[in-house]
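Asks:
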Amino acid sequence: MSLNHPITDWKGRTVWVLGASTGIGAALGRALDEKGAHLIASGRHLNTLESAFPNPRVKKVVLDITDPQGVARALDGLTRDGCLPDCVIWVAGDYSPQPITAPRGFDPVRARQVLETNLVCIYDGLAAILSHWLPLSPRAPAAPPFHICLFSSVAGYRGLPKALAYSASKAGLNALAETAHVELKPLGVDVSIVCPGFVKTRLTDGNDFEMPALITAEQAARFTFKGLARGEFEVHYPKRFSLFMKLLGLLPAAIYLRLIAKVRA
Ligand SMILES: NC(=O)c1ccc[n+]([C@@H]2O[C@H](COP(=O)([O-])OP(=O)(O)OC[C@H]3O[C@@H](n4cnc5c(N)ncnc54)[C@H](OP(=O)(O)O)[C@@H]3O)[C@@H](O)[C@H]2O)c1
7 MSLNHPITDW
17 KGRTVWVLGA
27 STGIGAALGR
37 ALDEKGAHLI
47 ASGRHLNTLE
57 SAFPNPRVKK
67 VVLDITDPQG
77 VARALDGLTR
87 DGCLPDCVIW
97 VAGDYSPQPI
107 TAPRGFDPVR
117 ARQVLETNLV
127 CIYDGLAAIL
137 SHWLPLSPRA
147 PAAPPFHICL
157 FSSVAGYRGL
167 PKALAYSASK
177 AGLNALAETA
187 HVELKPLGVD
197 VSIVCPGFVK
207 TRLTDGNDFE
217 MPALITAEQA
227 ARFTFKGLAR
237 GEFEVHYPKR
247 FSLFMKLLGL
257 LPAAIYLRLI
267 AKVRA
């Protein structure tokens, strides 16, 4: 029994990808355009959106997701233009390695930025999206239900070294997605969460360690569509790495912390 309505046909759907200018979001956007979706692509810079999607068929909306009114304003504009999305894929995220290093410790301002981009601002965005969707829910039986897909990470399963704010932000996002799924499903809105392992993008280019089971953004996009087509609530990949991370997630803290300390040493 799937937790969400399987999305097997993207033709004719209006899909808003937040964070579409590079990396996984750009790969998802290109595939969605090929699959016949009406794509709305967002990022902070028009030039990067234009180079990712030169085709004028793709609607570009410039916005900074950390602007508390950004998503609300963009949605008002999209509604006026008659293209309210029925699916939102929230890919945008921020990361840089953040160890607690001696002698001065870590930068709390940077930690706040990561939490703001990966978690806090999603509340503003979600509130704005729901204010447009809930009055129209549930949709007519012929129309696909509204769907919000949030990009998290396997780094949210446990606290990882060098991911001081990142792990916390994605753990929070996983919890937010579960709460939202439980409460929104009866109202006609599907919620899914995507937890990739390592994907080669500009986000991971700064990592100075070997990234196991590294995949490309195009592979990540394919795995994402596969999970959504199965109606999964949590889409995680590549399985050879994400299942291992899930196993770590099940360990009692006394075992996990000893194990991870050895990896770090
Ligand atoms: N790469 C990985 O190994 C990996 C693993 C697990 C999870 N993830 C998650 O997957 C998602 C995508 O990551 P990626 O690797 O594809 O990174 P990426 O190439 O850096 O892409 C991030 C996207 O988010 C947009 N963005 C960032 N901050 C934004 C803001 N404040 N407002 C609007 N747009 C913003 C960026 O556009 P502009 O900079 O042009 O605004 C860009 O389009 C993130 O949520 C990340 O945490 C990635």
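The opening position of the sequence shown corresponds to residue 7 in this note's numbering, with each subsequent residue numbered one higher.
Beta carbons are placed, not taken as given, at the ideal position from N, Cα and C, and that holds for glycine.
Short of 6 Å in beta carbon distance, which residues of its chain neighbour G25, apart from the five on each side in sequence? Order them along the chain.
Replies: Cβ within range, chain order: G31, V97, A98.
Asks: Counting only runs that start and end within the stretch 70–136, where is the alpha helix (DSSP H) found for 4 or more residues in a row?
Replies: Runs found: 76–86, 114–121.
Asks: If you run the structure through DSSP and keep just helix, strand and coil, what is Y243?
Replies: Y243 falls in the strand class under three-state DSSP.
Asks: How about S8 and R236: do their beta carbons lie closer than 8 Å?
Replies: Cβ distance < 8 Å, so S8 and R236 count as in contact.
Asks: Under 8 Å, with one C-beta from each stretch per pair, do the stretch 11–30 and the stretch 41–57 reach the 3-pair mark?
Replies: With a cut-off of 8 Å, the stretch 41–57 and the stretch 11–30 count as touching, because enough Cβ pairs lie within range.
Asks: Can you tell me which of the three DSSP states T230 falls into?
Replies: In this structure, T230 counts as helix in the three-state DSSP scheme.
Asks: Please name the residue, chosen from H242, C155, P103, A117, that lies closest to I135 on a Cα-to-Cα basis.
Replies: Nearest C-alpha to I135: C155.
Asks: Per the contact definition of three or more C-beta pairs closer than 8 Å, is the stretch 32–48 in contact with the stretch 104–121?
Replies: Touching, no, given that fewer than three Cβ pairs across the two stretches are closer than 8 Å.
Asks: Just the C-alpha distance for D15 and D196, rounded to the nearest angstrom, thanks.
Replies: In a straight line, the C-alpha of D15 is about 16 Å away from that of D196.
Asks: Quick one: grab the DSSP three-state call for I13.
Replies: In this structure, I13 counts as coil in the three-state DSSP scheme.
Asks: Just to confirm the assignment, what range does the alpha helix (DSSP H) spanning L190 have?
Replies: L190 -> alpha helix (DSSP H) spans 170–190.
Asks: Could you check the C-alpha separation between I13 and A223 for me, to the nearest Å?
Replies: For I13 and A223, the distance between alpha carbons rounds to 20 Å.
Asks: Below 8 Å on the Cβ atoms is my guess for P105 versus K168; work out the distance and round it to an integer in Å.
Replies: About 5 Å; that satisfies the 8 Å criterion.
Asks: So the candidates are Y101, L140, A108, G131; which of them puts its Cα closest to the Cα of A174?
Replies: When each option's Cα is compared against that of A174, the closest is Y101.
Asks: Report the CB separation of T230 from L34 in whole angstroms; it is logged as a contact under 8 Å.
Replies: Confirmed, Cβ separation roughly 6 Å.
Asks: Taking the C-alpha atoms as reference points, what is the distance between G111 and P103?
Replies: Approximately 13 Å, taken between the alpha carbons.
Asks: Is any heavy atom of ligand 1 found at a distance shorter than 7 Å from the C-beta of L142?
Replies: Because no heavy atom of ligand 1 lies under 7 Å away, the Cβ of L142 does not count as near it: no.
Asks: Ligand 1 heavy atoms versus the CB of A98: any closer than 7 Å?
Replies: Result yes, Cβ under 7 Å from ligand 1.
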